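Enquirer: Shown below is the structure under consideration.
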Amino acid sequence: MKELTCVISARLGSTRTPRKMVRPFAGSSLLEVLLRKLQRVRSLGPGRLWLSAYEDEIRAVGEKVGVKIYRRTYESTLEPNTCDVIYRYAWEIPSEYFMVVNGCNPLVSVETIERAIDEFQRNDCRSLFTVLERRNFFFDKDGAMVNRFHGDDKYKATLETKMVEPLYEGGNTILIWNAEYLRTRNAFWSFARNDPYFFVMPEDEFIDIDYPWQFALAEQRYLEKFGGAR
Numbered sequence: 727m728k729e730l731t732c733v734i735s736a737r738l739g740s741t742r743t744p745r746k747m748v749r750p751f752a753g754s755s756l757l758e759v760l761l762r763k764l765q766r767v768r769s770l771g772p773g774r775l776w777l778s779a780y781e782d783e784i785r786a787v788g789e790k791v792g793v794k795i796y797r798r799t800y801e802s803t804l805e806p807n808t809c810d811v812i813y814r815y816a817w818e819i820p821s822e823y824f825m826v827v828n829g830c831n832p833l834v835s836v837e838t839i840e841r842a843i844d845e846f847q848r849n850d851c852r853s854l855f856t857v858l859e860r861r862n863f864f865f866d867k868d869g870a871m872v873n874r875f876h877g878d879d880k881y882k883a884t885l886e887t888k889m890v891e892p893l894y895e896g897g898n899t900i901l902i903w904n905a906e907y908l909r910t911r912n913a914f915w916s917f918a919r920n921d922p923y924f925f926v927m928p929e930d931e932f933i934d935i936d937y938p939w940q941f942a943l944a945e946q947r948y949l950e951k952f953g954g955a956r
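So for the sequence shown, my numbering puts the first residue at 727; every next one is plus one.
This is the structure:
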């Protein structure tokens, strides 16, 4: 069994949606929703769930929920930044692997997080990244088709997407990576085959909140899916 610890990093400094992680969301906040969700993940014991926080207001959410607090630096809250600054906890919290779950996607379910962990534990892989399978026609800037078409060209002319080779889009929700690899390479993975291992997540469980309109849409969809703060 691979030793896995989940650390959630949160900050107040979003410029596109100010105070995004702590502003009211479905009777709670994005950060509290995520932490309480992770507390229900069966393979994460109390000692395996941390909040990496610098601001008092962020730490207060972790203390309210009852997770362990890692005191990140002010420098780590700034953008752009490097892995060795943002994920400094990998040098200080003992764990073979770390998992990060994006608080800007409140639609992901506990069941999907558990399936991702189970696949990571079962497979001979060093890292995992959630992706979305896209079966459509994709082109480069010169109009050349990027993905392959598996079928007679007469169906290509009618845009039969069922015959198109799927492509995979980064679904920035769950990341699992090896602590030693990050400490020595300052990167999560090599981008070689199966590094990261692709975990295809349900399309209806994905959103990545950057802007206020996405915040409002995510709240509406969250309420429809989960029925309120959980």
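Glycine included, every Cβ here is placed at the ideal spot set by N, Cα and C. Everything numeric in this text was worked out from a predicted model, so none of it was measured.
For my contact list, P922 and F855 are in at a C-beta cut-off of 8 Å; report their separation, rounded to the angstrom.
Expert: 4 Å
Enquirer: For R797, write down the residues that DSSP places opposite it in a beta bridge.
Expert: A779
Enquirer: Can you name, in chain order, every residue of its own chain whose Cβ lies under 6 Å from the Cβ of K794, other than the five neighbours on each side?
Expert: For K794, same chain residues with a beta-carbon under 6 Å away, outside a window of 5 residues either side, are W776 in chain order.
Enquirer: Decide yes or no for the touch test of the stretch 843-857 against the stretch 872-883: beta carbon pairs closer than 8 Å, at least 3 of them.
Expert: no
Enquirer: To the nearest whole angstrom, what separates the beta carbons of I957 and V748, a pair I think is in contact under 8 Å?
Expert: In the structure displayed, the chain extends from 727 to 956; residue 957 sits before or after that span and is not available.
Enquirer: Taking contact to mean 3 or more Cβ pairs, one atom from each stretch, closer than 8 Å, check whether the stretch 886-894 and the stretch 805-812 are in contact.
Expert: The stretch 886-894 is not in contact with the stretch 805-812.
Enquirer: Using the Cα positions of T887 and K728, report the straight-line distance between them to the nearest angstrom.
Expert: 39 Å
Enquirer: Unbroken alpha helix (DSSP H) runs of length 4 or more, entirely within the stretch 873-941: which are they?
Expert: 879-882 and 905-911
Enquirer: Could you tell me whether the stretch 860-874 touches the stretch 901-920, where touching means 3 or more Cβ pairs closer than 8 Å?
Expert: no
Enquirer: To the nearest angstrom, report how far apart K882 and R861 are at their CA atoms.
Expert: 13 Å
Enquirer: Give every residue of the same chain whose Cβ lies closer than 7 Å to the Cβ of G739, excluding the five residues on either side of it in the sequence, and list them in chain order.
Expert: T803
Enquirer: Pull up the distance between the alpha-carbon of V759 and that of L901, whole angstroms please.
Expert: C-alpha separation (whole angstroms): 18 Å.
Enquirer: Can you grab the Cα-Cα spacing for the pair I935 / P832, in whole Å?
Expert: Using only the alpha carbons, I get a separation of about 9 Å.
Enquirer: Y813 bridges to which residues according to DSSP?
Expert: In the DSSP output, where bridge partners are listed per residue, Y813 has none listed.
Enquirer: Spatial neighbours of S735 within its chain, please: CB distance less than 6 Å, with the 5 preceding and 5 following residues excluded, ordered by chain position.
Expert: S778
Enquirer: On the three-state DSSP scale, how would you describe L761?
Expert: In the three-state DSSP reduction, L761 falls in the helix class (H, G or I).
Enquirer: Here's a check: name, in chain order, each residue in its chain whose Cβ is nearer than 8 Å to the Cβ of F864, leaving out the five neighbours to either side.
Expert: The residues are M871, V872, N873 and L893.
Enquirer: My guess is that V836 and R766 are in contact by the Cβ rule of under 8 Å, so how many angstroms apart are they, rounded?
Expert: 5 Å
Enquirer: Comparing C-alpha positions only, which one of R768, Y823 and T910 sits nearest to R841?
Expert: Ranking R768, Y823 and T910 by Cα distance to R841 puts R768 first.
Enquirer: Just the Cα atoms here: how many angstroms apart are R911 and E818?
Expert: 17 Å
Enquirer: Determine the DSSP secondary structure at V834, reduced to helix, strand or coil.
Expert: coil
Enquirer: Can you tell me whether S821 sits near the ligand NAD, meaning its C-beta is under 6 Å from at least one heavy atom of the ligand?
Expert: Within the structure as shown, the ligand NAD is missing, as the structure has no ligands at all.
Enquirer: Skipping 5 residues on each side, what residues in its chain have a beta carbon closer than 6 Å to that of R737?
Expert: T803
Enquirer: For F846, which three-state DSSP category applies?
Expert: helix
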